[in-house]
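Peer 1: Okay, handing you the structure first.
Numbering (the working numbering), first residue to last: 39 to 167.
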């Protein structure tokens, strides 16, 4: 997908990507494919979880870091498509709503370069003990 990481800090994951012909779901109207939107939202939600775990294990032994950071997996993903994915550049943002010992919940959004909200998502991720 060629996502560019533009995350401002470890609390917010943010990726930017440009429209490409192979991202199109509707060739005539040049609209992003829904599956791509879902994949991008899942990726940015997972990145928010990863960064949150990293904050917790930073400075700990490498084995502890690897063990915690390798247990990140999607449990559930909900995507609401709010408008057609038109634009030349898109920004996906994700942040933690709640993180426990085993599960983290994120909120994600996808906007185009004009700031139009294209889709929102809620992700539930397994983060292990």
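We treat Cβ as the ideally placed atom computed from N, Cα and C, and that holds for glycine.
Quick caveat, the model's predicted, so the values are computed rather than measured.
1. Take residue 67 as the anchor and find which of 122, 90, 103 and 75 has the nearest alpha-carbon.
2. To the nearest angstrom, report how far apart residue 146 and residue 71 are at their CA atoms.
3. For the candidate residues 110, 104 and 94, whose alpha-carbon lies nearest to that of residue 163?
4. Are the CB atoms of residue 86 and residue 138 nearer to each other than 7 Å?
5. Is residue 67 helix, strand or coil by DSSP?
6. Return yes when the Cβ of residue 144 is within less than 7 Å of the Cβ of residue 134, no when it is not.
Peer 2: On the basis of the supplied data:
1. 122
2. 17 Å
3. In terms of Cα proximity to residue 163, the closest of 110, 104 and 94 is 110.
4. no
5. coil
6. Less than 7 Å separates the beta-carbon of residue 134 from that of residue 144.
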